[in-house]
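Novice: Take a look at the following structure, please.
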Amino acid sequence: MITTPSGLIYKDIKIGEGASPETGQSVTVHYTGWLQENNQKFDSSLDRGEPFTFIIGKGQVIAGWDEGVATMKVGGKRELTIPAELAYGARGAPGAIPPHATIVFDVELLGVK
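The sequence shown lines up with residues -11 to 101 when you count with the numbering used here.
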């Protein structure tokens, strides 16, 4: 496991062999997220069968995702442990994530454009 200066913790499950994204590029991922405190799953693109696409480094997603996905390579899988400060903070996400919650995601980087 690696802890970054921001407090993000990540563990590579599989290191990809493709390109790493650059700021401003579109990335497509599959993910499953759960609460660290009780392992309760709150979201999964795999369950929906629909990958999720966002632009790296533009604040479209929580800071922990921007940071954690930016150093992945296409084809890679990574577990991100994201402290509240890099996730949903004091407000949480009503109905899904309580305030000040640390959340965990398994992320697979499917593509970069």
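We put the beta carbon where it would ideally sit given N, CA and C, even for glycine.
Owing to the predicted nature of the structure, the values given are computational and were not obtained by experimental measurement.
1) Can you give me the Cβ contacts of glutamine 24 inside the same chain, cut-off strictly under 8 Å, excluding the 5 residues immediately before and after it?
2) Need the endpoints of the alpha helix (DSSP H) that threonine 36 sits in, please.
3) Looking at the secondary structure, which residues open and close the beta strand (DSSP E) in which glycine 83 lies?
4) My assumption, with CB atoms under 8 Å, is that leucine 97 sits in contact with glycine 4. Please give the rounded CB distance.
5) So for glutamate 73, helix, strand or coil by DSSP?
Specialist: Short version:
1) Thr69, Ala89, Thr90, Ile91 and Val92
2) Here residue 36 is arginine; the residue named in the question, threonine, does not match the sequence. Taken as a continuous stretch (DSSP letters only), the alpha helix (DSSP H) holding arginine 36 covers 33 to 36.
3) Run containing glycine 83: none; DSSP gives neither H nor E here.
4) 6 Å
5) helix
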